[in-house]
Structure formats: C-alpha cells, structure tokens
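K.L.:
For reference, the structure I am asking about is given below.
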Amino acid sequence: MNNIMLLATGTLVLLSAALPTSDAFSAPHSTGRRRRPRSSMRVASNNAGMIKPFSNHSVASAALPYYQLQDTKSTLRSRKRVGLDEHADDERCVEAVLFESFPSDNEPPRPPSFVEGVLSTYVGPRLVLALVAVLYGTNFPLGAIMNDNLPASAATSSRMVLASLVLSPFLMKLRPSLRRQVLLGGAFVSLGYISQSVALIDTSPALVSFLGSATVLVCPVLQWLVDRRPMGIKDAPQTWLAAALCLSGVASLELFDSSTNTFSLDLLSRLGTGDALSLVQAVGFGTGVFLSEKMMTKEPDQALPITAGLVSATAFFAMLWCLADGWMTNPGWESMGLPGLFMNANMRTVALAVLWTGVVSTSLNFYIEITALGRVPSSEASVILATEPLWASLFAAVLFHEQFGTSDYVGGLLMISACLVNTLRPSDIMGFFAKVSETAE
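Under mature numbering (1 follows the signal peptide of the UniProt record, and there is no 0), read the sequence shown as residues -24 to -1, 1 to 417, first letter to last.
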C-alpha cells in the first residue's frame, strides 16, 4: 500500500493513444511500450497531495504498478524521468512523465545548523581562524620534540602521511574542476613546510617565525597582482596597518633580548640560506592561503575534499623529500617510519607528538581553516593566522617552563591589536587619521 501511495504521489499517469514502434522506448522494469513525456507535474516535498497536472489529462492512480522512485528529496529544480508500464485496453500505454520536487508552502524552513550559524556571522569565521592559530601554535613545541629525535624530512612526512590517511575517504569526492587548483595549492603548502623544516636546521626558531610572518604581506600582494584588487594605502589602510602591527608584535616576541632589555639585531646581521628559506616559507604558506580562499569562495561545499587534496599533495611532496634526503637507505630506518614510531616504546613521546600534529593540528585544523577561508579575505585571514608565534610562546612557557617576559606581553598586545584593526573599514581608518591631523593643526 505504501509503495502504491508513494507512486501515486510521485508520478502523473497520462493515458493516450498508442504510438508507432519507432517512437517507443524502453527502460528498467519495462514490459510494454513507453512514450516520451509531453507534460509534467509538481509533487510536494512531503510526497503527499498537491498534485497539479500541467494538462487536462486525468490521474489514473487506481491501476498503478509498483515502481521505485529514484529520488524523493526536496531539491529545487531537481528533475527525474519516471517511467511506468501497463497493458491497457485499446493498446494504450502509460506515458512516462517528468516530476519536479519543491518545498511545500506549509513546510517550515529548516533552521541552520550550529556551525552554519557561527560561520554566517561576521565575527564567527574570524574567531574560528583565531582557534586555528592557537592549534598551529602547538606545532612549535611538539615540532621541537620531533626534530630532536627524527630527521626533519621524517618528522614532516610522518605528520603529513598520517593526516592524509585520516582525510583519505574524502579525497575521491573532490570535483574534477578543482584538481589542478588543489594540486597547485598543495605544492605551495608543501613548499612552506619543507622550507620551514630546512630553515630550522641552521636558523633559530625565533628568526624563522619572524620571517615566516611575512605571510601578512604575501596575501595582499597576491590579491593585487592576481585579482587586480586595489590594495593601496588609501584602498586598504586597515590591511597594511594590521600587517605593520603584526610584524612589530612578532619582532617584540622573537627579537627582544630579555637579558639586556634591548632588541638584538645580531640575528638579522647574519642572514644566510636559512633566512632566505624562511621567506620562501612565507611565500608558500601565503600562496596556499590565497588559493584556498579562492577555491572555497567558488565551491563552499568542498571543504573536506579540498582539505584532503591539499594534505595528500603535501604528503606526496614530503615523501619525495624523504627519498632525496637519504636517511631511508640507512640500516634501521624503519624505526623512524609511522609503524616503527608507534611500536617502539622508547619513541612513545615522539609518536604522540606525531599523532597530535597529524590528526589535530594538521588534518582537523586544515579543515577548519579551509572552511573559514571561504568567509574571510585571505589578506585578513593571514593577519589572524600570523598570531601563531604568540600562542607558540604560550605553549612553550607551559610545556617547557620558559619565562614569559614583558616583551612577550607587548608582542601579544600588538598582534591582538593587529587583528582588531583588520576588522575595521577603510573609512574608519582614514577618518581617524583625518581627526588626528585636524587636532594636531
């Protein structure tokens, strides 16, 4: 009975004169002749009532044979071809029809989910990116643990391979139109990770972090070069002011010598290959953020597949780095791979660090970041993400009992100010400076 009711509400049966054989067609479950549809009907999304034929034909619902509908979802403009076969009198046949499913007038709108409600606000996606920066901050102390026990390439590849395994079920759902962009974005993200790891070999983490914060400059430049978006001082003063505050905050965090209470420029006076790689890191991460924003703006429902593609591409390039690094040819190299880390009791701490950085601060964090990037411009997102050194300092103070001095508080205040300034409109910034100049005169 239910099948008959479902069929009666999902199809319109039109009785008409028999057609020539050349005009007939067949389909699954077909036992007789079938006609191509000439008219259609509308069916409410609740599959009950509101049957409205577009012609004067009557609905013959009494003699309907069983036919399973393919899709009864309420999707606007969703059209399916539904076919029925019946041996009627006078060599008539049942005509195949089209149906359109649409929301019923009496059906209340579905409330948005909690995540959709948060991301649909102005503050929501920005707070989400701030959470992303906090989780990224855990990578510095945990990365130090991994680099002390593993080659840099092994630490990076273990983390990325684990993250790609977690996200692998979503990789096949990536739309073909996004494959090139995801591969390009993954190449730049892997460039950021690899250059960062190599730079840390002969460059202090403080300087690598400081030079890496140049992502706040890379994204606005890319918006100007690629999107032809006006990014001058008068066009986007909040972006450049936020970038200046952010760089000043990172400098206060990383370049201030607490023993002498002065800024130590000795780090900057010994610039070398590692420092150049630190800037390459900023280009890689900044370009990855820029490309991710463009993909999410175009395909907002592809957050998980895009994340899976970016992480998988990064894992692939990290594995190539492992092969080129040479440590996989040494005896006992298996102990540095993922299975060896988790099976070796002496490497349990390192394995837990790989587990956290791979599952939480890479796969989960990447997904959260990609989702929020569809709602926030990359130039603004880069400033929020550049607060990572602040959270890294906090985690280092908690885990390694490092001292959190005055310069750290000043740097943190400057970086938070940068995030707040970046939320202002250009007219607010220009109006403020106009009032300051009037007061000075």
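Virtual Cβ for every residue (Gly too), placed ideally from N, Cα, C. These numbers were taken from a predicted model, which means no experiment stands behind them.
Kindly indicate which residue of A175, P127 and A212 has the alpha-carbon position closest to the one of V197.
P.N.:
Position 221 of the sequence shown holds residue 197. Of the listed residues, the one whose Cα sits closest to V197 is A212.
K.L.:
Could you tell me whether the region 280 to 287 touches the region 216 to 231, where touching means 3 or more Cβ pairs closer than 8 angstroms?
P.N.:
The region 280 to 287 is not in contact with the region 216 to 231.
K.L.:
Closest by CA to residue 418, which one among S268, V99, I392 and M148?
P.N.:
No information on residue 418 is available, as it lies outside the stretch -24 to 417 that the chain covers here.
K.L.:
Look at the Cβ atom of residue 419, then the Cβ atom of P101, and state whether they are nearer than 8 angstroms.
P.N.:
The structure shown does not extend to residue 419, since the chain spans only -24 to 417, so no value can be given for it.
K.L.:
Would you kindly check if the distance between the Cβ of A218 and the Cβ of V359 is under 8 angstroms?
P.N.:
On the sequence shown, residue 359 is found 383 positions in, with the first residue counted as 1. On the sequence shown, residue 218 is found 242 positions in, with the first residue counted as 1. Closer than 8 angstroms, so yes.
K.L.:
Which residues mark the beginning and the end of the alpha helix (DSSP H) in which T273 is found?
P.N.:
Counting from one through the sequence shown, the residue named residue 273 turns up at place 297. Run containing T273: T249 to K274, per the alpha helix (DSSP H) assignment.
K.L.:
If you compare alpha carbons, which of I346, E345, G334 and A130 is closest to N115?
P.N.:
Against the sequence shown, residue 115 aligns to sequence position 139. Comparing Cα positions, the closest option is G334.
K.L.:
Count the other CB atoms within 10 Å of the CB of P281; is the residue buried (16 or more) or exposed (fewer)?
P.N.:
Counting from one through the sequence shown, the residue named residue 281 turns up at place 305. Buried, since its Cβ has 16 or more Cβ neighbours within 10 Å.
K.L.:
How is the alpha helix (DSSP H) around Y98 delimited, first residue to last?
P.N.:
Locating residue 98 in the sequence shown gives position 122, where the first residue counts as 1. Premise fails: Y98 is in no alpha helix (DSSP H) and is neither H nor E.
K.L.:
So, does the region 199 to 208 touch the region 341 to 352, judging by three or more C-beta pairs under 8 angstroms?
P.N.:
Touching, no, given that fewer than three Cβ pairs across the two stretches are closer than 8 angstroms.
K.L.:
Any beta carbon from chain B within less than 8 angstroms of P152's own beta carbon?
P.N.:
No chain B is present in this structure, which holds just one protein chain.
K.L.:
Counting pairs of Cβ atoms below 8 angstroms between the region 302 to 312 and the region 379 to 399, do you hit three or more?
P.N.:
Flag = no, the region 302 to 312 and the region 379 to 399 do not touch.
K.L.:
Leaving out the 5 sequence neighbours to the left and right, which residues in its chain are closer than 6 angstroms to T215 when beta-carbon positions are compared?
P.N.:
By one-based count along the sequence shown, residue 215 stands at place 239. Excluding sequence neighbours, T215 sits near P196 and S355.
K.L.:
For G168, which residues from the same chain have a beta carbon less than 7 angstroms from its beta carbon, with the 5 sequence-adjacent residues on both sides left out?
P.N.:
Mapped onto the sequence shown, residue 168 falls at position 192. Excluding sequence neighbours, G168 sits near Q257, G260, F261 and G264.
K.L.:
Just checking my contact of L390 with S228 at CB under 8 angstroms: how many whole Å lie between their CB atoms?
P.N.:
For the purposes of this step, residue 390 is taken as the residue at position 414 of the sequence shown. For the purposes of this step, residue 228 is taken as the residue at position 252 of the sequence shown. So it is a contact: roughly 6 angstroms between Cβ atoms.
K.L.:
Comparing C-alpha positions only, which one of Y112, G93 and S166 sits nearest to F371?
P.N.:
Residue 371 sits at position 395 when you count from the first residue of the sequence shown. When each option's Cα is compared against that of F371, the closest is Y112.
K.L.:
Exposed or buried, what is L118 when buried is set at 16 or more other beta-carbons lying within 10 Å of its beta-carbon?
P.N.:
By 1-based counting over the sequence shown, the position of residue 118 is 142. Buried, by the Cβ-count rule.
K.L.:
Three-state secondary structure (DSSP) at L400?
P.N.:
Along the sequence shown, read from residue 1 onward, the residue named residue 400 stands at position 424. L400 falls in the coil class under three-state DSSP.
K.L.:
Which of the three DSSP states is assigned to P127 in this structure?
P.N.:
Walking along the sequence shown from the start, residue 127 turns up at place 151. Coil, per DSSP.
K.L.:
Thinking C-beta only, is G250 closer than 8 angstroms to T179?
P.N.:
For the purposes of this step, residue 179 is identified with residue 203 of the sequence shown, where counting begins at 1. For the purposes of this step, residue 250 is identified with residue 274 of the sequence shown, where counting begins at 1. Contact: yes.
K.L.:
For F342, count neighbouring C-beta atoms within 10 Å of its own C-beta (all shown protein chains included) and say buried if the count is 16 or more, exposed if not.
P.N.:
The sequence position of residue 342 within the sequence shown is 366, counting from 1. Classification for F342: buried.
K.L.:
Considering Cα atoms alone, identify which of A109, A120 and T97 is closest to V330.
P.N.:
Stepping through the sequence shown from its first residue, residue 330 is reached at position 354. Checked all of A109, A120 and T97; the closest Cα to V330 is A120.
K.L.:
Could you please give the first and the last residue of the uninterrupted alpha helix (DSSP H) stretch that includes R156?
P.N.:
For the purposes of this step, residue 156 is identified with residue 180 of the sequence shown, where counting begins at 1. Start and end: R155 to D178.
K.L.:
If we ignore side chains and look at the alpha-carbon of each, how far apart do G387 and E364 end up?
P.N.:
For the purposes of this step, residue 387 is taken as the residue at position 411 of the sequence shown. For the purposes of this step, residue 364 is taken as the residue at position 388 of the sequence shown. If you take the alpha carbons of G387 and E364, they lie about 12 angstroms apart.
K.L.:
So, at 8 angstroms on beta carbons, what are the nonlocal neighbours of L150 in its own chain, with the 5 sequence-adjacent residues on each side left out?
P.N.:
Sequence index remark: in the sequence shown, residue 150 carries index 174 (1-based). If we look at L150 and ignore the five residues flanking it on each side, its Cβ neighbours are V158, Q278, P281, I282, A284 and G285.
K.L.:
So, at 8 angstroms on beta carbons, what are the nonlocal neighbours of G313 in its own chain, with the 5 sequence-adjacent residues on each side left out?
P.N.:
On the sequence shown, position 337 is the one that residue 313 refers to. Result list for G313: A130 and S134, in chain order.
K.L.:
What does the alpha-carbon distance come out to for the pair A139 and T338?
P.N.:
Reading the sequence shown from its first residue, position 163 is the one you call residue 139. Reading the sequence shown from its first residue, position 362 is the one you call residue 338. In a straight line, the C-alpha of A139 is about 6 angstroms away from that of T338.
K.L.:
Give a yes or no on whether the C-beta atoms belonging to W367 and V165 are separated by under 8 angstroms.
P.N.:
Against the sequence shown, residue 367 aligns to sequence position 391. Against the sequence shown, residue 165 aligns to sequence position 189. Cβ atoms of W367 and V165: not closer than 8 angstroms.
K.L.:
Between which two residues does the alpha helix (DSSP H) holding I209 run?
P.N.:
The residue labelled residue 209 in the question sits at position 233 within the sequence shown. Element bounds for I209: n/a, residue is neither H nor E.
K.L.:
Since F266 and I170 are thought to touch, with beta carbons under 8 angstroms apart, how far apart are those beta carbons, to the nearest angstrom?
P.N.:
Counting from 1 along the sequence shown, the entry for residue 266 is found at position 290. Counting from 1 along the sequence shown, the entry for residue 170 is found at position 194. Not a contact, Cβ separation roughly 19 angstroms.
K.L.:
Using a Cβ-Cβ cutoff of less than 7 angstroms, which residues in the same chain neighbour P336 once the five nearest sequence positions on both sides are dropped?
P.N.:
The residue you call residue 336 lines up with position 360 of the sequence shown. Strictly speaking, residue 336 in this sequence is Val, with Pro absent from that position. For V336, where only same-chain residues beyond five positions count, the Cβ hits under 7 angstroms are L111.
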